[in-house]
Each structure stands twice: as C-alpha cells, then as structure tokens.
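Participant: One structure, as structure tokens, below. Some questions next.
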Amino acid sequence: QAVGTIRAFRDNLGAMRDVELDKALASIAQGQSAEQVLRQLAHGLTNKFLHVPTTRLKKAGEQGDSDYIRWTHDLFDLPATSETSAPGKPKENATSAGGVNTKDKTKDEP
Numbered sequence: 090q091a092v093g094t095i096r097a098f099r100d101n102l103g104a105m106r107d108v109e110l111d112k113a114l115a116s117i118a119q120g121q122s123a124e125q126v127l128r129q130l131a132h133g134l135t136n137k138f139l140h141v142p143t144t145r146l147k148k149a150g151e152q153g154d155s156d157y158i159r160w161t162h163d164l165f166d167l168p169a170t171s172e173t174s175a176p177g178k179p180k181e182n183a184t185s186a187g188g189v190n191t192k193d194k195t196k197d198e199p
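Going by the numbering used here, the first residue of the sequence shown is number 90, and it counts up by one from there.
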C-alpha cells in the first residue's frame, strides 16, 4: 500500500513540476532574466505543492483535529507548536522553521 501511495505522490508532484517548468522555459524564451524566472519557478512550485495540504490543515484546525495536525508535523519534521505539544511534554527534536535539526548533538548531555 505504501509503495502505491509513494508512487502516486511522486507522480502528482512531478506533474505539477512539469507545468511550472514549462512556464519557466517559456518565460526564458521570451527574454525574462534567469533570476526572475527562477524566483517565479520557486514561488510557483511552493504554491502548487502546498495548496492542498494547507487547505486541509486549515480545515483540520477549524474542526479541532489535533491528530491530523500532529501527523503533519511528524510527516514533514516540523518544529513543535502549541497544537502539537501536550502541556509539560518536552520537545525532543528542536528544529528550525526549515525542518533542520538545530539541537547540538556534539555537546555532552547530562
């Protein structure tokens, strides 16, 4: 089941990528600067990739579905927020907004 879901996920994102890439190539062919086209491409990809998940997360928040929100945090390795941390529960993996682990693993822990 996971393999089929992964394949569908990749195919879906690949189709979005191809649409945005075609737009970027057309813009370059029309003489737009590479920097401007790359910025538009990055913006377009971000918007396309995140539209449905963002819509679903907003709906989950409105319905009080904290499990869905916690699952999303886990899936995308997002930093803990008030919606994902139980009161008094430590935040084990401190991450930055970009999902990069910021906890210094080189220090000795008590």
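Just so you know, even glycine gets a beta-carbon here, dropped at the ideal spot from N, CA and C.
Because the structure is a prediction, the values reported are computed rather than measured.
Is there contact between the region 113-133 and the region 152-160, where contact requires at least three CB pairs shorter than 8 Å?
Facilitator: No, the region 113-133 does not touch the region 152-160.
Participant: Roughly how many angstroms separate the alpha carbons of Ile-95 and Arg-106, rounded to a whole number?
Facilitator: Answer to the nearest angstrom: the Cα atoms are 16 Å apart.
Participant: Can you list, in chain order, the residues of its chain with a C-beta nearer than 8 Å to that of Lys-112? Leave out the 5 residues immediately preceding and following it.
Facilitator: Correct list, in chain order: Gln-129, Leu-130 and Gly-133.
Participant: I think Phe-40 touches Leu-102, with their Cβ atoms under 8 Å apart; what is that distance to the nearest whole Å?
Facilitator: Since the first residue shown for the chain is 90 and the last is 199, residue 40 is missing from the structure and cannot be characterised.
Participant: Measure the alpha-carbon distance for Asp-100 versus Thr-135 and round it to whole angstroms.
Facilitator: Each residue's Cα considered, the two are about 16 Å apart.
Participant: Can you give the Cα-Cα distance for Val-141 and Leu-167, rounded to whole angstroms?
Facilitator: Distance between the alpha carbons of Val-141 and Leu-167: 17 Å.
Participant: How far does the alpha helix (DSSP H) with Gln-121 in it extend, from its first residue to its last?
Facilitator: Premise fails: Gln-121 is in no alpha helix (DSSP H) and is neither H nor E.
Participant: So, helix, strand or coil for Pro-199, using DSSP?
Facilitator: Per-residue confidence for Pro-199 stands at a pLDDT of 37, beneath the threshold of 50, marking its modelled position as unreliable; the derived number appears in the next sentence. Pro-199 falls in the coil class under three-state DSSP.
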